[in-house]
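Q:
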Amino acid sequence: EGENHRPNHARRIRPSTVVMASLILPVAIVSQMLVHPDLTTTTKLPSVHSAAPSASPAAMDAASIAHPPHESKIWSDSWSEARDRFRSAAKSAGARLVTLDYDTTESIPDVWRTHHDEDVKYTIDVAILGNEELASNLVIHSSGVHGVEGYPGAAIQVAFLHRAAQRKWTPPADCAVILMHGINAVGMAELRRWNERGVDMNRNFFIEGITRDVIDGTTTAATHDTMRARDYPLYSKVYQLLNPSRPGTFLPRWSFYAQALAAVVRHGFGAVKEAVAGGQYIRTEKDAGAQPGIWYGGHELEQSLQIVTRFVAGLGQKRHGPKGTPVRRLAHVDVHTGLGPYGEDELLIPDTRATPNATISVTAACSALGGDGTADGIASVPRAELMRKEDTSWRIYGLFCTAVPQVFAHAAGGAVSEAAGFIQEFGTVSPFDVVRALRDEGALVRAAELDGKTVPGLDHPIRQRLRETFYPSDPKWRKRVVDRGLVVLDEMLTWASAATGECDADA
């Protein structure tokens, strides 16, 4: 793979740095607990409604927000249960259900084989309300790109469909809603963030000539090959820390916290955050197994995204040509968890201002979220943040919410006037705890592969801890997710309706 792609394990953190980090670690942990309370802590969560004065007229009234469908009807304990709930809710709402089959005959590594029931066929399911071929305004909502994070997104979708059924609501002819459930079905079933090959699906969506990411500071298109050719020096320095061969015990756990804090002290929090969560495309011989280094963006388009590409391109192709109906407005919301203060959602907008023909725009996203219709208006949008180094400390390539509108627009021959795409991310625990949960789960997979065994079952403590990290069992947190998820989904419908004045979720 070349010297530039080989993790540098020789350079170790000085003992003095570890000692210094150990001394200030308790202070850091306390500060993190203040920002990210323990999951068992009773926490007063902020208001559901946006603070923007131009709140969505299509947002649910306070009474209906306070009383969504009972949680036993919308939350699930397994992927199969989540899929069944989604299909049932889609049927009750009168939605058209599209099932996209997933081929697991070759994609499942041996370490996962005993977990896979051959009688259960993995699928990506899509519920469509309205006429997706003729509607000139489209709202897309996706869940499960990051596997285990799909349960909260799916709950929002099921709650939306239940509400539509209860109100007998259907979009008018000029609007359509497309709900995409369980994009990373295997990851969702296995309660892991990555897919079955250890790939981060939200760093993987590159299609040459279609997706239009450009590497910062260059004119080079971001593709699997160009991302692999880049250097990741800081990630290489912390590679050993992030990717152990086996899970640790109690003492290595605190050693991890000390070393992680030492890395932050040495390099700065923003730089470490960028190096780790920004994604990496290192593929050495060691990374060729079932679990590459965490946050690995892959070396080719993963199967789930190939399936999504075919489906979305098929929708776009029906718009192509003189007889096709152009799209005035397209909005795409992709739901995730883990980042940010506990119980609060952040609206992360990809910064596409320097990307030629990017399809989605910062201006459209700001307008859709209640801003003043300009890119600078993001300052007036509560919870919104640009995904750029100056704001989030990272720049991510291969995003799902960026690529889907681009695939659609390309297939439609560019027949999209305005498009908004962003991530709705719900906070759970501290960044240190997020990294540790992913690190330990990755080590569990590597150890199983080294020993020629399969990964321990879902009841293993490490796997349950990862589930709780991204899918908290706290009822207040879950209620908050559904309430805020519906508000944002309604805001997208309101924005789409502004083009024609027809698409109102409360109609």
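So for the sequence shown, the numbering used here puts the first residue at 179; every next one is plus one.
Glycine included, every Cβ here is placed at the ideal spot set by N, Cα and C.
(1) Checking the sheet assignment: what are the DSSP bridge partners for valine 633?
(2) How many angstroms separate the CA atom of alanine 260 from the CA atom of valine 612?
(3) How many whole angstroms separate the CB atoms of tryptophan 257 and alanine 367, which I take to be in contact at a CB cut-off of 8 Å?
(4) Is it right to say alanine 244 is buried, meaning 16 or more other beta carbons lie within 10 angstroms of its own, or is it exposed?
(5) For a quick check, are the C-beta atoms of methionine 146 and valine 304 less than 8 Å apart?
(6) Can you have a look at aspartate 279 and say buried or exposed, based on whether 16 or more other CB atoms are within 10 angstroms of its CB?
(7) Measuring straight from C-alpha to C-alpha, what distance separates alanine 589 and glutamine 418?
(8) CB-CB under 7 Å to methionine 670, same chain, minus the five flanking residues each way: which ones, in chain order?
(9) Look at the alpha carbon of glycine 426 and the alpha carbon of isoleucine 640, and state the distance between them as a whole number of angstroms.
(10) Pick helix, strand or coil for proline 528, following the three-state DSSP scheme.
(11) For leucine 636 and proline 528, I'd like the C-alpha separation in whole angstroms.
(12) With DSSP run on the structure shown, which of helix, strand or coil describes glutamine 458?
(13) Going by Cα to Cα distance, which pick from Val326, Leu339, Val298 is closest to leucine 664?
(14) According to DSSP, which residues form a beta bridge with cysteine 353?
(15) Taking the alpha helix (DSSP H) that methionine 405 belongs to, which residues open and close that run?
(16) Since I believe threonine 515 is in contact with phenylalanine 648 (beta carbons under 8 Å), could you give me their beta-carbon distance rounded to a whole number of angstroms?
(17) Rounded to whole angstroms, what is the Cα-Cα separation between proline 560 and glutamate 478?
(18) Do glycine 476 and asparagine 382 have their C-beta atoms within less than 8 Å of each other?
(19) Taking 7 Å as the cut-off, is the beta-carbon of glutamate 368 closer than that to any non-hydrogen atom of the ligand FMN?
(20) Return the chain-ordered list of same chain residues with a C-beta closer than 6 Å to the C-beta of valine 450, the five sequence neighbours on each side being excluded.
(21) Counting only the same chain and skipping the five closest in sequence on each side, list residues whose C-beta sits under 6 Å from that of alanine 313.
(22) Among Phe600, Thr632, Phe384, which residue has its Cα nearest to the Cα of methionine 565?
(23) Using a Cβ-Cβ cut-off of 7 Å (strictly less than) and excluding sequence neighbours within five positions of threonine 537, which residues of its own chain qualify?
(24) Identify whether isoleucine 302 lies in helix, strand or coil by the three-state DSSP scheme.
(25) On the three-state DSSP scale, how would you describe threonine 672?
(26) Tell me whether asparagine 373 is buried or exposed, calling it buried when 16 or more other Cβ atoms sit within 10 Å of its Cβ.
(27) Which residues in the same chain as glutamine 469 place their Cβ atom closer than 6 Å to its Cβ, once the five residues preceding and following it in sequence are excluded?
(28) Below 8 Å on the Cβ atoms is my guess for threonine 552 versus threonine 541; work out the distance and round it to an integer in Å.
(29) From the DSSP secondary-structure annotation, give me the bridge partner or partners of glutamine 602.
(30) Can you check DSSP and say which residues form a bridge with glutamate 374?
(31) For alanine 581 and phenylalanine 384, I'd like the C-alpha separation in whole angstroms.
(32) Quick check on arginine 644: buried or exposed, where buried means 16 or more other Cβ atoms within 10 Å of its Cβ?
(33) If you run the structure through DSSP and keep just helix, strand and coil, what is valine 623?
(34) When we look at the beta-carbon of asparagine 421 and count the other beta-carbons within 10 Å, is it buried (16 or more) or exposed?
(35) Would asparagine 147 be called buried (16 or more neighbouring beta carbons within 10 Å of its own) or exposed?
(36) Which same chain residues, not among the five before or five after histidine 445, have their C-beta less than 7 Å away from its C-beta?
A: On the basis of the coordinates in this document:
(1) Answer by DSSP bridge pairing: none, since valine 633 is not bridged.
(2) 24 Å
(3) 4 Å
(4) Since pLDDT at alanine 244 reaches only 38, below the 50 mark, its modelled position is unreliable, and no value is offered.
(5) Examination of residue 146 is not possible in this model, given that the chain is present from 179 through 685 alone.
(6) Its Cβ having fewer than 16 others within 10 Å, aspartate 279 is exposed.
(7) One alpha carbon belongs to alanine 589, the other to glutamine 418, and they sit about 43 Å apart.
(8) Once the five neighbours on either side are set aside, the close Cβ partners of methionine 670 are Val317, Ala509, Val511, Ala546.
(9) 11 Å
(10) In the structure shown, proline 528 falls within a strand segment according to DSSP collapsed to helix, strand and coil.
(11) When rounded, the distance between both Cα atoms is 34 Å.
(12) strand
(13) Leu339
(14) Asn315
(15) Segment 402-406, the alpha helix (DSSP H) holding methionine 405.
(16) 5 Å
(17) 36 Å
(18) yes
(19) Among the components of this structure there are no ligands whatsoever, and the ligand FMN is therefore not found.
(20) Ala441, Val442
(21) In the same chain as alanine 313, and ignoring 5 residues on each side of it, the C-beta atoms closer than 6 Å to its own belong to Asp352, Cys353, Ala354, in chain order.
(22) Phe600
(23) Cβ neighbours of threonine 537 beyond the five flanking positions: Pro583, Gln584, Ala587, Val594, Ala597.
(24) strand
(25) Secondary structure at threonine 672: helix, using DSSP grouped into helix, strand and coil.
(26) buried
(27) Gly376, Gly620, Val623, Arg624
(28) 6 Å
(29) Val513, Leu525
(30) According to DSSP, glutamate 374 bridges with nothing at all.
(31) 8 Å
(32) Checking the displayed sequence, the identity of residue 644 turns out to be leucine instead of arginine. By the 10 Å Cβ count, leucine 644 comes out buried.
(33) helix
(34) buried
(35) No information on residue 147 is available, as it lies outside the stretch 179 to 685 that the chain covers here.
(36) Taken in chain order, the residues that qualify are Leu412.
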